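The opening position of the sequence shown corresponds to residue 463 in this note's numbering, with each subsequent residue numbered one higher.
Each residue gets a CB set at the ideal place from its N, CA and C atoms; glycine is no exception.
In this text, all values refer to a predicted model and were calculated from it rather than measured experimentally.
Below is one structure; the comments refer to it alone.
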Amino acid sequence: MVVWEFIKFIFFSGLIVIISKYALVPVLRKLAESLNLKPKTVGNIAGIATSVPELLTVSFSAVTGLVSASAYNIISSNIINTVQYLFAVFMNKNQKHLQNRALRIDLILVALTIIIPIAMLAFHMEFSISIVPIFVLLFLLFYFMNHNAHKLYLNKVTGEEKKIEEEEKWVRGKKKVMIKYTILLLIISILLYFVGNLLSDTLESLCVQFQIPQLVIGVLLGFITSIPELITFFEAQKHHKEQENGEDGVIEATSNLLTSNILNLFVIQSIGILLFSIFR
Numbered sequence: 463m464v465v466w467e468f469i470k471f472i473f474f475s476g477l478i479v480i481i482s483k484y485a486l487v488p489v490l491r492k493l494a495e496s497l498n499l500k501p502k503t504v505g506n507i508a509g510i511a512t513s514v515p516e517l518l519t520v521s522f523s524a525v526t527g528l529v530s531a532s533a534y535n536i537i538s539s540n541i542i543n544t545v546q547y548l549f550a551v552f553m554n555k556n557q558k559h560l561q562n563r564a565l566r567i568d569l570i571l572v573a574l575t576i577i578i579p580i581a582m583l584a585f586h587m588e589f590s591i592s593i594v595p596i597f598v599l600l601f602l603l604f605y606f607m608n609h610n611a612h613k614l615y616l617n618k619v620t621g622e623e624k625k626i627e628e629e630e631k632w633v634r635g636k637k638k639v640m641i642k643y644t645i646l647l648l649i650i651s652i653l654l655y656f657v658g659n660l661l662s663d664t665l666e667s668l669c670v671q672f673q674i675p676q677l678v679i680g681v682l683l684g685f686i687t688s689i690p691e692l693i694t695f696f697e698a699q700k701h702h703k704e705q706e707n708g709e710d711g712v713i714e715a716t717s718n719l720l721t722s723n724i725l726n727l728f729v730i731q732s733i734g735i736l737l738f739s740i741f742r
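Next comes the structure, spelled out in structure tokens:
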């Protein structure tokens, strides 16, 4: 029955989001904070963590032959992520910090992660294996531009401060802490894998048995898998606002957004294409 399959679809998708929000993201954040990392680095880690739902849904969609659904998932996720980010910045009244040149460059790159896939669809370009090397090169280019923009416009650390930071990382990043979080991450990953496998079966049933368009499935997945980003955007700015450093909150949220979007488009989409090519 199609209603039951939709209930299962929403349940398993929501379960992935809940595990990501209440288990994966907090563990990665605590690991980052225990090492006393910069806001940009914490944002990058949060971006990786919040992209896990997309990785799972895209991978399992591709394995079941639903490559179009995975493409629409990525596009809708990147658009929704950006809207949520802007909403979080304006709600926290941090828009003044967007005047920073490094953040402006980041937002241009974010816009490109939306424009590129839309242009591909508009010109009827296939998300085939031939596009994977281009995506890899674009990923490296985006990373290079982001790294150098922050190095040029946000590098405020002196040599002495850097030395102190390195010492703090050594003190805080104890081996026991690393082992503890590594084990937790392994358990969470295994749990996410099993839930993702169940979601894959439901997706296949909806599209093959009940003929639900892949566009509908992809957009629904995009909305569901973007919830963790909304949470981390607000959390980052709230955390730094309490410490009276609003700019660091925006830097962290922006890094989260950019990392999530470029991973979604260039890395996770490539993984989906490769899996589809192998299993079709």
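- In whole angstroms, what separates the C-alpha of I645 from that of A584? When rounded, the distance between both Cα atoms is 44 Å.
- Message: I'd like to know whether the C-beta atoms of S523 and V681 end up nearer to each other than 8 Å.
- Response: Contact annotation: S523 and V681 have beta-carbon atoms that are not nearer than 8 Å.
- Query: Straight-line CA distance for I542 to R742?
  - Reply: So the alpha carbons of these two residues sit roughly 29 Å apart.
- Query: Buried or exposed: which applies to A611, given that a residue is buried once 16 or more other Cβ atoms fall within 10 Å of its Cβ?
  - Reply: Buried is the call here.
- Task: Kindly indicate which three-state DSSP category L497 falls into: helix, strand or coil?
- Result: In this structure, L497 counts as coil in the three-state DSSP scheme.
- Query: Do the stretch 511-521 and the stretch 718-735 touch if we need at least three Cβ pairs shorter than 8 Å?
  - Reply: Contact between the stretch 511-521 and the stretch 718-735 is established, with three or more Cβ pairs separated by less than 8 Å.
- Item | Beta-carbon gap between G755 and A715 smaller than 8 Å | The question about residue 755 has no answer here: the residues shown for the chain are numbered 463 through 742.
- Query: When we look at the beta-carbon of R491 and count the other beta-carbons within 10 Å, is it buried (16 or more) or exposed?
  - Reply: Its Cβ being crowded by 16 or more others within 10 Å, R491 is buried.
- Query: For I510, which of V712, I740, G711, T694 has the nearest alpha-carbon?
  - Reply: For the set V712, I740, G711, T694, the Cα lying nearest the Cα of I510 is the one of T694.
- Item | H612 in three-state terms, based on DSSP | The answer is helix: DSSP assigns H612 an H, G or I state.
- Backbone secondary structure at S590 - three-state DSSP: In the three-state reduction of the DSSP assignment, S590 falls in the coil class.
- I577 versus Y484: straight-line alpha-carbon distance, rounded: Looking at the two C-alpha atoms, the distance is approximately 32 Å.
- Task: Rank P690, G711, I713, F696 by C-alpha distance to the C-alpha of N540 and give the top, closest one.
- Result: The residue from P690, G711, I713, F696 with its alpha-carbon nearest to that of N540 is P690.
- Task: List the endpoints of the continuous alpha helix (DSSP H) containing I733.
- Result: First-last of the alpha helix (DSSP H) with I733: 731-741.
- Throw me the rounded Cβ distance for the I478 and L719 pair, which I believe falls under 8 Å. Under the criterion of beta carbons closer than 8 Å, I478 and L719 do not qualify as touching, at roughly 20 Å.
- Query: Rounded to a whole number of angstroms, what is the C-alpha to C-alpha distance between R566 and Q671?
  - Reply: Those two C-alpha atoms are separated by around 46 Å.
- Message: Would you say H609 lies against chain C (beta-carbon separation less than 8 Å)?
- Response: Protein chains in the displayed structure number just one, and chain C is not present.
- Thinking C-beta only, is A531 closer than 8 Å to C669? Closer than 8 Å, so yes.
- Item | Residues of its chain near L493, where Cβ-Cβ distance is below 7 Å and the 5 sequence neighbours each way are ignored | Contacts found: Y643.
- Same chain only: Cβ atoms within 6 Å of Q604, ignoring 5 sequence neighbours per side: Checking the sequence, you will find Phe at residue 604 rather than Gln. By the criterion of a C-beta distance shorter than 6 Å, F604 is surrounded in its chain by L571, I724, once the five residues flanking it on both sides are discounted.
- Message: Considering only the alpha carbon of each residue, which of L683, L661, N554 lies closest to K703?
- Response: Nearest C-alpha to K703: N554.
- Item | Neighbour-count burial assignment, K502, 16 or more Cβ in a 10 Å radius | Within a 10 Å sphere around the beta-carbon of K502 sit 16 or more other beta-carbons, which makes this residue buried.
- What is the DSSP secondary structure of Q671, counted as helix, strand or coil? In the structure shown, Q671 falls within a helical segment according to DSSP collapsed to helix, strand and coil.
- Task: Check the C-beta distance from F471 over to V529 and give it rounded, since I have them as a contact under 8 Å.
- Result: Contact annotation, F471 with V529: C-beta distance approximately 18 Å; criterion of less than 8 Å not satisfied.
- A485, enclosing alpha helix (DSSP H) - first and last residue: No alpha helix (DSSP H) holds A485; DSSP gives it neither H nor E.
- Item | Inter-residue CB distance, Q676 and N556 (contact presumed, cutoff 8 Å) | Rounded, the Cβ-Cβ distance is 37 Å, inconsistent with contact.
- Do you know whose CA, among S739, V712, L737, lies nearest L569's CA? Comparing Cα positions, the closest option is V712.
- At which residues does the alpha helix (DSSP H) containing F585 begin and terminate? Segment: none, F585 is in no alpha helix (DSSP H) and carries neither H nor E.
- Query: So Q546 packs on S717, CB below 8 Å; how close in whole Å?
  - Reply: Not really, about 15 Å apart at Cβ, beyond 8 Å.
- Item | L600 to T512 span [Cα, whole Å] | The alpha-carbon atoms of L600 and T512 are separated by roughly 21 Å.
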